[in-house]
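The listed protein sequences correspond, in order, to chains A, B, C and D.
Residue numbering for the first sequence is 1 to 117, as defined by my numbering.
Residue numbering for the second sequence is 118 to 234, as defined by my numbering.
Residue numbering for the third sequence is 235 to 375, as defined by my numbering.
Residue numbering for the fourth sequence is 376 to 516, as defined by my numbering.
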Amino acid sequence: MELVFEKKKDTLFVTIKGELDLHTADELRYKIDLHLNNSGSLKNMILNLRGIDFIDSSGLGVILGRYKLISKRGGKLGAVAVSPQVKRIFELSGMLKLLSIYENTDQAEDAFDISGF
Amino acid sequence: MELVFEKKKDTLFVTIKGELDLHTADELRYKIDLHLNNSGSLKNMILNLRGIDFIDSSGLGVILGRYKLISKRGGKLGAVAVSPQVKRIFELSGMLKLLSIYENTDQAEDAFDISGF
Amino acid sequence: MTKNKAEIKMTSLSENIGFARMAAATFAAQLNFTLAEIEEIKVAISEAVSNCIIHGYENRTDGTVVLNLLIEDNRLIMVVEDYGIGINDIEEAMQPSFTTSEERMGLGMVFMNSFMNEMEIESETGKGTKVRMVKIPEKQE
Amino acid sequence: MTKNKAEIKMTSLSENIGFARMAAATFAAQLNFTLAEIEEIKVAISEAVSNCIIHGYENRTDGTVVLNLLIEDNRLIMVVEDYGIGINDIEEAMQPSFTTSEERMGLGMVFMNSFMNEMEIESETGKGTKVRMVKIPEKQE
Ligand SMILES: Nc1ncnc2c1ncn2[C@@H]1O[C@H](COP(=O)(O)OP(=O)(O)O)[C@@H](O)[C@H]1O
Ligand SMILES: Nc1ncnc2c1ncn2[C@@H]1O[C@H](COP(=O)(O)OP(=O)(O)O)[C@@H](O)[C@H]1O
Chain A
1 MELVFEKKKD TLFVTIKGEL DLHTADELRY KIDLHLNNSG SLKNMILNLR
51 GIDFIDSSGL GVILGRYKLI SKRGGKLGAV AVSPQVKRIF ELSGMLKLLS
101 IYENTDQAED AFDISGF
Chain B
118 MELVFEKKKD TLFVTIKGEL DLHTADELRY KIDLHLNNSG SLKNMILNLR
168 GIDFIDSSGL GVILGRYKLI SKRGGKLGAV AVSPQVKRIF ELSGMLKLLS
218 IYENTDQAED AFDISGF
Chain C
235 MTKNKAEIKM TSLSENIGFA RMAAATFAAQ LNFTLAEIEE IKVAISEAVS
285 NCIIHGYENR TDGTVVLNLL IEDNRLIMVV EDYGIGINDI EEAMQPSFTT
335 SEERMGLGMV FMNSFMNEME IESETGKGTK VRMVKIPEKQ E
Chain D
376 MTKNKAEIKM TSLSENIGFA RMAAATFAAQ LNFTLAEIEE IKVAISEAVS
426 NCIIHGYENR TDGTVVLNLL IEDNRLIMVV EDYGIGINDI EEAMQPSFTT
476 SEERMGLGMV FMNSFMNEME IESETGKGTK VRMVKIPEKQ E
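Set out below in structure tokens:
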């Protein structure tokens, strides 16, 4: 799994590449939380999932957990480039109601009001 | 494994895609021989190996066998788009001395004197 | 392809979840599954093997997870087994969102059930757990 | 990754050669192998499993091929075993271009030997054959 983090205004961008399962879940949880904890001003999170080859309930658990942290800060969660596979997993789990899905980063930035940063 | 055959003058072009091992060897042997047997005028053969994901000694055996058939007709064998992996297998087996390797189809056609057909 | 069988015994390490997934997907590719169906198989195997490791062996890394793959009559049969703590109440465990781990969501069994044509569990407390799943290609050859 | 183990028992069908290759490559990927080294591992496994099927079981499809994969001390140890006809004279069988099949080239053992750091064969006539191979990543972590 490869992770790239980027901050724009009050939003944390996380680009995830690789397979998201029990084996990689801890690392993802730890690294996102590190960013959230280090910066109390971060409210929202946008996940770029273009590079996700696989996700199961362990990976989903990490995303749901982060959603809860962000909700507590009054923020919202977005996801970009969600494949049909991942979307189905989101659907079955009810995650689809908790996050907004965008075609591309530009659309997400518009929706999160951080374009141009 | 996917095979595409094409005749140009006295040369049979074979484009091979996929994995070439014991499981696919019989099919490759059978289908090449069908073309060679159906057309006595075919003398040379050029293998396009760009799509080869894997080859082992069973796959190599088929190529060597076809080389022998073609040599009997006074023809020669060429190979296009040989990856470093495949080249190493050719080298270790001595096949490299039996065939000529070309960067691309154009070069092979020039060498086999069939350009423009 | 009439009949084929592979049995994989592996250490209860999380590294092997991806290995099990790839093995199941490669074996399954002998049948006429679509890419989407192969993805479903990968999720089901991932959930089953993860459960053996997290729940069955409570994250101990000295256990053995057994994955049996069988192709018969154009069906893929997958059996995932551990010799761990077992499940007390299988019906309860199968309930969506039931979990005994605080950080988990209780979705593993839901995914296995949704993605497979058949799924059944056998378990004995203190002996271990066996999940049997069947997947049939939707497009018949 | 200190220690990990997987044992795969499969039917002696040529479909399973690709399966064994993929399984070995996926398991090996836990070590720091280069892509070229992974390709070498695939060739070695392909040759060993093919030999079990063609020679050990003389193409019978009711045999079992066992592939043992072990990671220990940053080394990959692979053992491929059949319970087929066995080899009378191992030294002879190891000779480049020695083969007992007319259409074959006797290169399988050459490739295994060239691509692995260690390779050894045990065999008993009528009992079966066991090939043990070791591959060490060239770039140490
Ligand atoms: N192999 C197993 N061994 C022991 N208990 C298990 C096993 N698989 C599942 N369980 C039990 O069933 C519960 C539900 O499993 P599951 O639906 O996969 O959700 P989760 O893994 O998120 O808890 C688990 O929390 C656990 O108590
Ligand atoms: N698993 C095996 N069981 C029985 N005989 C074997 C086995 N592996 C190899 N041999 C013998 O060793 C010979 C050389 O093997 P190899 O170098 O792989 O070449 P090839 O497979 O082309 O014959 C084979 O022809 C066969 O006689």
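Ideal placement from N, C-alpha and C gives every residue a C-beta, glycine not left out.
Owing to the predicted nature of the structure, the values given are computational and were not obtained by experimental measurement.
Subject >> Boundaries (first-last residue) of the alpha helix (DSSP H) holding alanine 225/B >> reply: 222-228
Original post:
Using Cβ-Cβ distances below 7 Å, what residues of the stretch 11-27 of chain A are close to chain C?
Top reply: Glu19, Asp21, Leu22, His23
Original post:
Just the Cα atoms here: how many angstroms apart are aspartate 127/B and glycine 191/B?
Top reply: 11 Å
**OP:** In the DSSP assignment, find the unbroken beta strand (DSSP E) run with methionine 367/C in it and report its ends.
**Re:** 362-369
**OP:** Compare the beta carbon distance of leucine 12/A and methionine 45/A with 7 Å and say whether it is the shorter of the two.
**Re:** yes
**OP:** Check the Cβ of alanine 240/C against every Cβ in chain G and list those closer than 8 Å, keeping chain order.
**Re:** The chain labelled as chain G is not found among the protein chains of the depicted structure, namely A, B, C and D.
**OP:** Identify the contact partners of methionine 339/C in chain A, using a Cβ-Cβ distance below 8 Å as the criterion.
**Re:** Neighbours of methionine 339/C on chain A, chain order: Ser57, Leu60, Gly61, Leu64, Ser93.
**OP:** Check whether the Cβ of asparagine 302/C sits closer than 6 Å to any heavy atom of ligand 1, and report yes or no.
**Re:** no
Original post:
Closest Cβ-Cβ distance between methionine 256/C and chain D: below 7 Å?
Top reply: yes
Original post:
With DSSP run on the structure shown, which of helix, strand or coil describes phenylalanine 332/C?
Top reply: coil
Original post:
The beta strand (DSSP E) spanning methionine 443/D covers which residue range?
Top reply: The question names methionine, but residue 443/D in the sequence shown is asparagine. From DSSP, the beta strand (DSSP E) with asparagine 443/D extends over 439-447.
Subject >> Cutoff 7 Å: glycine 438/D Cβ touching any chain B Cβ >> reply: no
**OP:** List the endpoints of the continuous alpha helix (DSSP H) containing serine 210/B.
**Re:** 201-210
Original post:
What do you reckon, is the C-beta of asparagine 400/C under 6 Å from a heavy atom of ligand 1?
Top reply: The first residue shown for chain C is 235 and the last is 375, placing residue 400/C beyond what the model contains.
**OP:** Spell out whether any CB of chain B is found under 7 Å from the CB atom of glycine 483/D.
**Re:** yes
Original post:
Is aspartate 437/D near ligand 2, judged by its Cβ being under 6 Å from some heavy atom?
Top reply: no
**OP:** Output, in chain order, the set of chain C residues within a Cβ distance shorter than 9 Å of phenylalanine 54/A.
**Re:** Gly252, Arg255, Glu273, Lys276, Val277, Ser280
Original post:
Looking at the structure shown, is lysine 276/C part of a helix, part of a strand, or coil, going by DSSP?
Top reply: helix
Original post:
Which residues bound the beta strand (DSSP E) around methionine 494/D?
Top reply: Note, methionine 494/D: beta strand (DSSP E), 493-499.
Original post:
Counting along the chain, where does the beta strand (DSSP E) carrying asparagine 161/B start and finish?
Top reply: 161-172
Original post:
Under a Cβ-count criterion, where at least 16 other Cβ atoms within 10 Å of its own Cβ denotes burial, should aspartate 457/D be classed as buried or exposed?
Top reply: buried
Original post:
What first and last residue would you give for the alpha helix (DSSP H) that runs through alanine 254/C?
Top reply: 249-262
**OP:** Output the distance between the C-alpha atoms of arginine 309/C and aspartate 113/A, rounded to the nearest integer angstrom.
**Re:** Computed Cα separation, rounded: 50 Å.
Subject >> Cutoff 7 Å; reference aspartate 170/B; Cβ partners in own chain excluding five residues on either side >> reply: Its chain contains Gly135, Glu136 as the residues whose beta carbon lies nearer than 7 Å to that of aspartate 170/B, once the 5 sequence neighbours on both sides are disregarded; these appear in chain order.
**OP:** Give the DSSP-derived three-state secondary structure of threonine 24/A in the structure shown.
**Re:** helix
Original post:
Going by DSSP, what residues sit across from serine 217/B in a beta bridge?
Top reply: Gly195/B
Original post:
In its own chain, which residues sit with a C-beta less than 8 Å from the C-beta of glycine 195/B, not counting the 5 before and 5 after it?
Top reply: Taking C-beta separations shorter than 8 Å and ignoring five residues to either side along the sequence, the partners of glycine 195/B in its chain run Asn161, Met162, Ile163, Leu164, Leu216, Ser217, Ile218, Tyr219, Ala225, Ala228, Phe229, following chain order.
**OP:** Compute the minimum distance between the beta carbon of methionine 353/C and the heavy atoms of ligand 3, and state whether it is under 6 Å.
**Re:** Although ligand 3 was asked about, the structure shown includes only ligand 1 and ligand 2 as ligands.
Original post:
Per DSSP, what kind of secondary structure is leucine 3/A in: helix, strand or coil?
Top reply: strand
**OP:** Would you check whether ligand 2 has a heavy atom nearer than 6 Å to the C-beta of methionine 484/D?
**Re:** Correct: methionine 484/D has its Cβ closer than 6 Å to ligand 2.
Original post:
Does phenylalanine 345/C get closer than 7 Å to chain A when you measure Cβ to Cβ?
Top reply: yes
Original post:
Which bits of chain A does isoleucine 288/C rub up against, with CB to CB less than 9 Å?
Top reply: Within 9 Å Cβ-Cβ: Leu22, Ser58.
**OP:** Examine ligand 1 and report whether any of its heavy atoms sits within less than 6 Å of the Cβ of methionine 367/C.
**Re:** no
Original post:
What is the DSSP secondary structure of leucine 60/A, counted as helix, strand or coil?
Top reply: helix
Original post:
Of the residues Ala81/A, Val80/A, Lys7/A, Leu28/A, which one's Cα is nearest the Cα of serine 41/A?
Top reply: Lys7/A
**OP:** Would you list the one or two residues that DSSP bridges to isoleucine 383/D?
**Re:** Ile242/C, Leu442/D
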